[in-house]
Each structure stands twice: as structure tokens, then as C-alpha cells.
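Chemist: Here this note's numbering is used: position 77 in the sequence shown is 81, and no number is missing along the way.
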Amino acid sequence: MVGNAAGWNVEPVVNPSLREAKRRRLVRMTQEQIAGRRGPVHQIRHRDEVVSPLALERGCNGLLRRAQLAIATIVTSMVYAGDLRGAAGEPVLRQHEWEIGVALREITELLLDLASSSGGGTAGPMTTTILLSQHRAIEIARDATTARIVAIEQLAAQVAAAEAARQDWETAHRMAANNDKYLDLVARTAVDQRATVEITDLAQQAAQAAQAFRETLQRATLAAEALALPESR
Numbered sequence: 005m006v007g008n009a010a011g012w013n014v015e016p017v018v019n020p021s022l023r024e025a026k027r028r029r030l031v032r033m034t035q036e037q038i039a040g041r042r043g044p045v046h047q048i049r050h051r052d053e054v055v056s057p058l059a060l061e062r063g064c065n066g067l068l069r070r071a072q073l074a075i076a077t078i079v080t081s082m083v084y085a086g087d088l089r090g091a092a093g094e095p096v097l098r099q100h101e102w103e104i105g106v107a108l109r110e111i112t113e114l115l116l117d118l119a120s121s122s123g124g125g126t127a128g129p130m131t132t133t134i135l136l137s138q139h140r141a142i143e144i145a146r147d148a149t150t151a152r153i154v155a156i157e158q159l160a161a162q163v164a165a166a167e168a169a170r171q172d173w174e175t176a177h178r179m180a181a182n183n184d185k186y187l188d189l190v191a192r193t194a195v196d197q198r199a200t201v202e203i204t205d206l207a208q209q210a211a212q213a214a215q216a217f218r219e220t221l222q223r224a225t226l227a228a229e230a231l232a233l234p235e236s237r
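(1) For valine 17 and tryptophan 102, which I take to be in contact (beta-carbon distance under 8 Å), what is that distance rounded to the nearest angstrom?
(2) Apart from the five residues just before and just after arginine 170, which ones in its own chain have a Cβ nearer than 6 Å to its Cβ?
(3) Would you give the residue range spanned by the alpha helix (DSSP H) that asparagine 65 belongs to?
(4) Would you grab the beta carbon distance between threonine 149 and isoleucine 104 for me? Rounded to a whole angstrom, and I think it's under 8 Å.
(5) Who are the Cβ neighbours of glutamine 138 in its own chain at under 8 Å, not counting the five residues just before and after it?
(6) Please report the straight-line C-alpha distance between threonine 77 and threonine 133, rounded to a whole angstrom.
(7) Per DSSP, valine 54 is paired with what?
(8) Helix, strand or coil for threonine 126, going by three-state DSSP, please let me know.
(9) Work out the CA separation of leucine 58 and glutamate 259 for me, nearest whole Å.
(10) Taking the alpha helix (DSSP H) that arginine 29 belongs to, which residues open and close that run?
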């Protein structure tokens with residue numbers, strides 16, 4: 005079964021061997037052609053230059069979308085721009101995208117051919133055997149293309165993790181620049197702690213003095229009472 009798919013959720017894939025200006029023109033032209041239309045349909049024009057999203061059935065459309073998202077994650081990463089571009093340059097990734105798009109378009113066209121050739125009637129045993137083998141060939145091709153996409157997604161996941169680590173390092177480095185302020189705060193806290201100890205000692209001394217005063221006052225009171233004259237009769 006060939007699922008219908010709107011073409012807007014994936015970008016046209018252009019042959020990376022073309023000049024930049026022509027690639028931009030093909031993308032713009034294809035986007036104008038697919039606006040408001042639904043596929044899949046056989047692509048007739050510019051087959052060696054661009055893969056139109058309208059030429060992909062729903063499942064293939066989704067696979068291309070995954071590849072494009074993964075590649076976008078990679079090439080927009082600062083880690084990739086600074087450290088990984090030499091290992092897998094963008095032209096290499098765009099070549100993968102092109103080959104994936106061409107393979108998915110071919111798979112879609114074979115699915116369309118199978119759907120139209122079967123005629124919707126009941127297939128006999130010999131026809132069924134042929135159809136099964138043809139479907140199996142399509143599944144093998146789809147699995148191989150999917151494996152390539154998964155490899156790109158794994159690279160994208162590693163790049164995303166490296167990008168997150170880079171951002172974490174930059175944030176930590178930026179925040180560490182304020183460490184002196186926090187060290188000053190701790191130093192002031194130490195001063196406060198010493199002051200607290202001093203105040204506590206003073207309070208204890210004041211309490212001891214008050215107690216001594218009360219005891220002295222009590223002794224003075226007793227002494228005064230002892231000196232009191234007896235009442236006359």
C-alpha cells in the first residue's frame with residue numbers, strides 16, 4: 005500500500021554536485037510546484053538534479069524527514085563547525101542526503117508500479133510469488149536506506165551530546181568568573197562567625213557580671229539587715 009503524503013514537511017533534495025546558485029533555484033522552483041499538492045506522483049522533470057517531496061510516499065517521506073533533521077542538527081552545531089567538520093564535511097552529508105532521496109524516490113515509484121500493475125484483483129499463485137519477491141526487494145532496499153539514516157541520526161546524537169557538553173562548559177566557565185564574589189562572601193561569613201563568637205563571649209561575660217552583681221547585692225542586703233537597729237518599744 006502506498007500512503008499519500010503532503011510534500012511540505014520535507015525539503016527538496018538537490019544534487020550537491022550542482023553549483024550553489026542552481027541548487028537554490030531548483031529548491032525554490034520545487035517548493036513552488038509542490039505548494040498545496042499531495043503525492044506521491046512520478047517525478048518527470050529534473051530527475052538528475054532534484055528529488056521532489058511529492059515523489060515520495062508517506063513512509064519514504066518520513067525517512068527523508070529524519071535524515072534532514074539529523075543533518076540539520078549536525079551542520080548547525082558549533083561543535084561540528086569548530087571540531088568535527090574535517091571528519092565529516094557538509095558536502096559528504098549532502099551527498100548522503102541526495103543518495104537517500106534518490107533511493108526513496110525509486111522505492112516509491114516501484115510501490116506505485118506494484119499498486120497499478122496488480123489491478124486490485126485477486127492474484128493467482130504465480131503472480132503472488134512474484135509480488136512477494138518484489139515486495140521483499142523493496143523491503144531490502146528500504147532497510148538499507150533506513151540503516152544509513154540511523155547512522156546519520158547516531159552521529160547527530162553524538163554531536164548534540166558534544167554540543168550540550170560545550171554549552172555546559174561555557175556556562176560553567178562564565179559562572180566561575182564570579183567565584184571571587186562568592187569567596188568574598190565566604191570571607192565575610194567568616195568575619196561574621198568570629199563576631200558572633202565575640203558577641204556570645206561578651207554576653208556570657210555580661211551574664212556572669214550580672215550574676216556577680218546580684219550576689220554582691222544580696223550580700224550587701226544581708227549586711228545592711230544585720231546593721232539595722234532594733235525597733236524601740
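Just so you know, even glycine gets a beta-carbon here, dropped at the ideal spot from N, CA and C.
Modeler: In this structure, then:
(1) Confirmed, Cβ separation roughly 6 Å.
(2) Correct list, in chain order: Val83.
(3) It spans 62-79 - the alpha helix (DSSP H) in which asparagine 65 sits, taken as one unbroken run.
(4) Under the criterion of beta carbons closer than 8 Å, threonine 149 and isoleucine 104 qualify as touching, at roughly 6 Å.
(5) These residues qualify, in order along the chain: Leu114, Leu118.
(6) So the alpha carbons of these two residues sit roughly 43 Å apart.
(7) Answer is Val18.
(8) Note: threonine 126 maps to coil in three-state DSSP.
(9) For the chain, the structure presents residues 5 to 237; residue 259 sits outside this window and is missing.
(10) Per DSSP, the continuous alpha helix (DSSP H) segment holding arginine 29 begins and ends at 24-38.
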